[in-house]
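All the letters of the sequence shown, read from the start, carry residue numbers 1 to 637 under full-length UniProt numbering.
Glycine included, C-beta positions come from ideal geometry on N, C-alpha and C.
Read the structure below first, then the notes.
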Amino acid sequence: MGTIRLTTAQAMIKFLNQQYVHIDGEEFPFVEGIFNIFGHGNVLGIGQALEQDSGHLKVIQGKNEQGMAHAAIAYSKQKLRKKIYALTTSSGPGSANLTTAAATALANNIPLLLLPADTYATRQPDPVLQQVEQEHSMAITTNDALKPVSRYWDRVQRPEQLMTSLIRAFEVMTDPAKAGPATVCISQDVEGEAFDFEEEFFQKRVHYIDRKIPSERELNGAAEKIKKSKKPLIVVGGGVKYSEAREALMNFSLQYNIPLAETQAGKSAVEHSFINNLGGLGITGTQAANKAAQEADLVIGIGTRYTDFATSSKTVFNFEKAEFLNLNVSRMQAYKLDAFQVVADARTTLEKLTPKLEGYQSEHGSSIVEKKEEWKKERDRLRSVAFDRNDFDPEIKNHFSQETMNEYADTLETEFPQTNALLTANEAVDEDAVVVCAAGSLPGDLQRLWETNTPNTYHLEYGYSCMGYEISGTLGVKLAEPDKEVYAAVGDGSFLMLHSELVTALQYKEKINILLFDNSGYGCINNLQMDHGSGSYECEFRTAENKVLNIDYARVAEGYGAKVYRANTEEELKAAIADAKKQDCSTLIEMKVLPKTMTDGYEGSWWNLGVAEVAENESIRDAFAFKEKMLETAKKY
């Protein structure tokens, strides 16, 4: 076999075009395209290669390195990890800006190919522009910061190193058990350096993603655990989505009358209307799911990491009586909570496990439906909560004075509660619309209140809960779901952190919709500090004269070219959403909502936080004492 003389960058682009995955009999290209922000480290290497011949890769110009990486993460997540976008950045700050996004991908087990430029392999012009220097090592560059947040990391300083590096990167990204960010840093002089690459390196390469089959030992052990249980509970994690186990799970749940409780990643794996679906679990969960968790004598975790929000810091379950059975492709995750482990594909396991339970029936009886109906009544009650200027009764325990609440209402010119706005939006969007969120108080409201009756229409980045993901992520979801309306549910705090990819959406005519909930502050964290005995400190958006800020965010989006709306009532919001559906360009609906009007405080929703052990404020000392009491019953591992 012969050779092809190409630059390192040209060889890489040619290689990316030839990577395919094979899943359940289907075969398709794995790399859909490449996001870019060009700088002096990559414009003459990868930039030149893409300009010369990008192949089938869609090339999208980003506006912020973190933002475009979040878009790529959301694309892969929405595509159930079957496809990816790669990213190329310049060296120095451009590379450093990838760190937060890489951590987001790592926490969520999402494949992501990062191609940051690096300093000169020859070191001839060192230190080059934007290069950091350390006295103890010449080998350290900005890209070393990506090591702890990459599943795979390599530095290419010779053209021939590219071949083994890329093959290894794709092995990692196409492994369901360890999927995550693969970082391949290419020295900027090497990007343009030529080499005689072997032709076989550029042949079509198929990465087979086979379903891991459970052993008979695992199946028999799982069946024995379930048959001994009286009130089992299934915790639905994101792995259920990636395994496409919806039908198998619903059949399993119905046949043996076992309720489902969802994590943020697992929500919409099974639609809300499914009779045994009790909704969100844990800190941001429903009272229905949390009650079932406290009653459970066997917890069956499927594709979940058991984060502190899902387990209420390991207090939502009764560890005196509950045992655990974990189904997960990751051995590490399957070991959590000292569970019986089934290290296998979720769908395959459920299909093989179901017939082994013939004759079994849980003792839940009609209680699943009763719990679900009880929560429905609470949701309906929240729908009608209204602001009263004379007697405001918010949903949370520690809150602003009536005077402060009236100040917000006057300054923001609104009396719109956040829960009311969210429920109104849920009713107004199309049934197959996708909602995207990541941080603040909105994830809690969404997990409790947002009803999804079409699978995979709830897209929450809660593995890392990264502020600023929302709008970038919505672009990524739109790239994955071009025929659906996609909505970012975002607070004003997250909007201010990062919204640059709204411009990218407008530039490429990828219509996204932004639902902006503006309560003039970091409302979620303000609740957190006040719930634990502190006052309201540095979490409200106020001027030096202590006046509440009222920012016209709609005007910002209008300046970019988006169609904008201002909606501070139910009627205005319904009309805005209806009109936004008719638009071809991206839209932003600004809602001024009152602080302290989000959901909170349901049974089983305790969160372990670092409360000050010593404080002058008695209420903080009380909060610490309560924490210590809760820890007495919490699981320590």
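Exposure of residue i, with buried meaning 16 or more beta-carbon neighbours within 10 Å
| i | result |
| --- | --- |
| residue 649 | Nothing in the structure corresponds to residue 649, since the chain is present only between 1 and 637. |
| D126 | exposed |
| H399 | buried |
| H532 | buried |
| M138 | exposed |
| K83 | buried |
| R347 | buried |
| G39 | buried |
| V614 | exposed |
| V206 | exposed |
| M250 | buried |
| H136 | exposed |
| M598 | buried |
| A625 | exposed |
| A505 | buried |
| E320 | exposed |
| E403 | exposed |
| R155 | buried |
When the options are compared against residue i, the one with the closest alpha-carbon
| i | options | result |
| --- | --- | --- |
| S384 | T569, K77, G67 | T569 |
| I258 | L233, T452, S268, I4 | L233 |
| A567 | Y560, A575, A9 | A575 |
| A562 | Q188, V299, E590 | E590 |
| V516 | Y508, K509, F495, A322 | The amino acid occupying residue 516 in the given sequence is Leu; Val does not appear at that position. The shortest C-alpha separation from L516 is found at F495. |
| K372 | D345, F309, N276, A322 | N276 |
| R448 | S215, L219, T284, G2 | T284 |
| H499 | V486, Y560, L327 | Y560 |
| G303 | F274, G282, A245 | A245 |
| Y75 | E545, G33, T454 | G33 |
| G94 | T504, S367, T142, D552 | T142 |
| I73 | D430, N426, C466 | C466 |
| Y487 | M173, R168, S586 | S586 |
| V190 | E171, R123, E247 | R123 |
| A103 | D380, G604, E461, F309 | E461 |
Residues bridged to residue i (per DSSP)
| i | result |
| --- | --- |
| M591 | F517 |
| T183 | L114, W153 |
| C437 | L460 |
| R205 | Q19 |
| G301 | V235, N326 |
| Y85 | G33 |
| N277 | L260 |
Proximity of residue i and residue j at Cβ, strictly below 8 Å
| i | j | result |
| --- | --- | --- |
| A421 | F340 | no |
| N550 | S441 | no |
| S312 | G282 | yes |
| T354 | F252 | yes |
| residue 639 | K212 | With the chain covering 1 to 637 only, the question about residue 639 has no answer from this structure. |
| T474 | I512 | yes |
| I140 | Q134 | yes |
| N108 | G463 | yes |
| T315 | T633 | yes |
| A480 | Q188 | no |
| A296 | A265 | no |
| F65 | L44 | For clarity, residue 65 is Glu in the given sequence; the question names Phe instead. Result no, Cβ atoms of E65 and L44 do not sit closer than 8 Å. |
| L166 | K352 | no |
| V490 | V434 | no |
Chain-order list of residues whose beta-carbon lies under 6 Å from that of residue i (same chain, five-residue window excluded)
| i | result |
| --- | --- |
| K397 | With a pLDDT of 45 at K397, under the threshold of 50, the predicted position of this residue should be treated as unreliable, though the coordinate-derived value follows. So no residue of the chain qualifies. |
| K14 | F202 |
| T183 | L114, L146, S150, W153 |
| F324 | V299, L337, A339 |
| C524 | G440, S441 |
| S472 | G67, H70, A71, E501 |
| A49 | A9, Q10, I13 |
| R389 | N406 |
| K592 | L412, T414, D518, N568 |
Cβ neighbours of residue i in the same chain (closer than 8 Å, five flanking residues each side left out)
| i | result |
| --- | --- |
| V548 | E407, Y408, T411, L412, S520, E540, F541, R542 |
| L357 | A223, I226, K227, Q255, Y256 |
Chain-order list of residues whose beta-carbon lies under 7 Å from that of residue i (same chain, five-residue window excluded)
| i | result |
| --- | --- |
| T452 | K267, S268, E271, H272, Y458 |
| E198 | M1, T3 |
Residue i: CB within 7 Å of a non-hydrogen atom of the ligand NAP
| i | result |
| --- | --- |
| Q507 | For the ligand NAP, the structure offers nothing, since it holds no ligand at all. |
Minimum Cβ-Cβ distance from residue i to chain C less than 8 Å
| i | result |
| --- | --- |
| K376 | As a matter of chain content, chain C is missing from the structure shown, which is built from one protein chain. |
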